[in-house]
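Residue numbers (mature numbering (1 follows the signal peptide of the UniProt record, and there is no 0)): -28 to -1, 1 to 495.
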């Protein structure tokens, strides 16, 4: 897979939109990263059309598009960006006008004033607060959705899902790592079976799990009658699945002492296994998985743009959110008269394809105005997206960062996931703490690696044991070498911003921010 995103062009486009990336010598590190996608005001979640926030945090950089309404009821949007200070940011909420409408010729938007500053603060990766101009501070939360088909696949049928998880102790030293699978137990009456592995293929421990009613949450305890080869040092585990991320707690017995640690990790894939041919039969894939028998991928949720419109000037954009068999999208664009507006739609997501009507609303709550619900005005037509480099399948061509979008009234266009941080696609973007899977002539192993030094084309770990370099400048793959007990082991990272892979787990980014969801309440 070639590097699909022109990082510098994307950053230039953001800068030209009036978004200043201020230089800050140091930031307070967060122990979490807010999950990118659609967020909503908690007290306004009533099942009716309203306003919301498309939030994207990458490293220190915050980018938010707000869909809301004018005082006369017309739909509009605002944008805010800047550098976060710890868990919070205060930035101008900017308005734009004059940009491109569906099917129109290319038009550049211009800044059109600001109603004031907006302040956003996060408590963890799924919860926070916002204060809009003229309003009190209110709670916000990550918007959750899932299809009935998804519930049937994993809650009723108990199809297998795979995860990579780790835990950290009070001194921020990793104490636990596992490849994990969750599926229906073959033993009647046992509910779900969790299998923990150090590496794919081995067996570390099995656990019986029960799902909390109506939630993708599981409480697990060691299986009765485990095999003698099982370590059985995990006394209990609680797993919360939040789409592409997971969190919870794990109780580990070590030297006769039990310690509870916070659990963080990622969802890898679900609904299938690797076939005898070597390609997967997964129905859902949440990481870069290039060899599934049928094209399947869950694209990276967050900010997307039409690649050919990256000309360094304000324009239109997309907020795309794929969760649990559903897709939700907001298009921030303009009417034929140049007035800002937004269109929104949702539908089922299957494989790598999505198609749904884009609707326009009116009558919702304006900034500083009284509570109000929106109503449907019209539909512009369907938005169809194939998350791939190609409009028609060509081999294993699913892609989490690139899509071909058919926009109402326009020819198909290539859209790309937006990268917000400078040098994110370079080796510098890989600095931080990782679990990396290493393979060689000895037994495979996952090693915790803190990459701290970049000299020329080589990354080096803090302890000097691991050295990484890019194999081919045109590709994002980075090879890491580690000599273990005299045997050379090889692992790989990928320098694609906003992507994930099954052979690695990023724990901290180059700024020291935790890459999990942090301290999310478990009840």
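Beta carbons are placed, not taken as given, at the ideal position from N, Cα and C, and that holds for glycine.
- Using a Cβ distance threshold of 7 angstroms, residue 452 and residue 387 do not count as a contacting pair.
- Under DSSP, residue 129 forms no beta bridge with any residue.
- In the DSSP assignment, residue 120 falls within the alpha helix (DSSP H) that extends over 120 to 123.
- Taking each of 293, 334 and 338 in turn and checking the Cα distance to residue 320, the smallest one comes out for 293.
- In the DSSP annotation of this structure, residue 23 is not part of any beta strand (DSSP E), being labelled neither H nor E.
- Distance from the CA of residue 224 to the CA of residue 57, rounded to the nearest whole angstrom, comes to 34 angstroms.
- By the CB criterion at 7 angstroms, residue 260 and residue 473 fall inside the cutoff.
- In this structure the region 51 to 65 touches the region 87 to 99; the number of beta carbon pairs closer than 8 angstroms is three or more.
- The alpha-carbon of residue 326 is positioned some 18 angstroms away from that of residue 368.
- Secondary structure of residue 401 (DSSP, three-state): helix.
- Looking at the backbone, the Cα of residue 200 and that of residue 139 are separated by about 25 angstroms.
- Residue pairing for residue 116: DSSP places it in no beta bridge.
- If you ignore the 5 residues before and after residue 1, its C-beta comes within less than 7 angstroms of the C-beta of 483, 484 and 485, all in its own chain and listed in chain order.
- Using a 10 angstroms sphere on the CB of residue 88, the tally of other CB atoms stays under 16, which defines it as exposed.
- Inter-residue distance for residue 28 and residue 458 is about 44 angstroms (C-alpha atoms, whole angstroms).
- Linking residue 208 to residue 186 through their CA atoms gives a straight-line distance of about 21 angstroms.
- Between the region 106 to 121 and the region 274 to 288, the count of Cβ pairs shorter than 8 angstroms is below three; the stretches do not touch.
- When DSSP assignments are scanned along the region 46 to 116, the uninterrupted stretches of beta strand (DSSP E) that are 3 or more residues long and fall wholly within it turn out to be 47 to 55, 60 to 65, 88 to 94, 99 to 103 and 110 to 114.
- Taking the C-beta atoms as reference points, residue 53 is found nearer than 7 angstroms to residue 35.
- With a beta-carbon spacing of about 7 angstroms, residue 180 and residue 157 fall inside the 8 angstroms limit used to define contacts.
- For residue 150, same chain residues with a beta-carbon under 6 angstroms away, outside a window of 5 residues either side, are 137 and 168 in chain order.
- Nearest to residue 84 by alpha-carbon distance, out of 378, 71, 96 and 75, is 71.
- Contact between the region 458 to 467 and the region 13 to 22 is not established, with fewer than three Cβ pairs separated by less than 8 angstroms.
- Burial state of residue 352 is buried, judged by a 10 Å Cβ sphere holding 16 or more other Cβ atoms.
- Within the same chain, 30, 31 and 33 come within 6 angstroms of residue 393 by CB-CB distance, once the 5 residues on both sides are set aside.
- Residue 182 sits in a strand when the DSSP states are folded into three classes.
- The residues -25, -24, 272, 388, 389, 468, 470 and 471, in chain order, have a CB closer than 7 angstroms to that of residue 373 in the same chain once the five nearest residues on each side in sequence are set aside.
- At a Cβ-Cβ threshold of 7 angstroms, residue 204 and residue 198 count as neighbours.
- Excluding sequence positions up to five before and after residue 331, its CB lies within less than 7 angstroms of the CB of 315, 316, 317, 348 and 351, all in the same chain and listed in chain order.
- In the DSSP annotation of this structure, the continuous segment of the beta strand (DSSP E) that includes residue 430 starts and ends at 430 to 433.
- Secondary structure note for residue 319: its beta strand (DSSP E) is the uninterrupted segment 312 to 320.
- Distances from the alpha-carbon of residue 268 to those of 12, 202 and 358 put 358 closest.
- In the three-state scheme derived from DSSP, where H, G and I count as helix and E and B as strand, residue 345 is classed as coil.
- Between the C-alpha atoms of residue 73 and residue 310 there is a straight-line separation of about 8 angstroms.
- Taking C-beta separations shorter than 7 angstroms and ignoring five residues to either side along the sequence, the partners of residue 384 in its chain run 363, 376, 377 and 378, following chain order.
- If you draw a straight line from the Cα of residue 220 to the Cα of residue 44, it is about 45 angstroms long.
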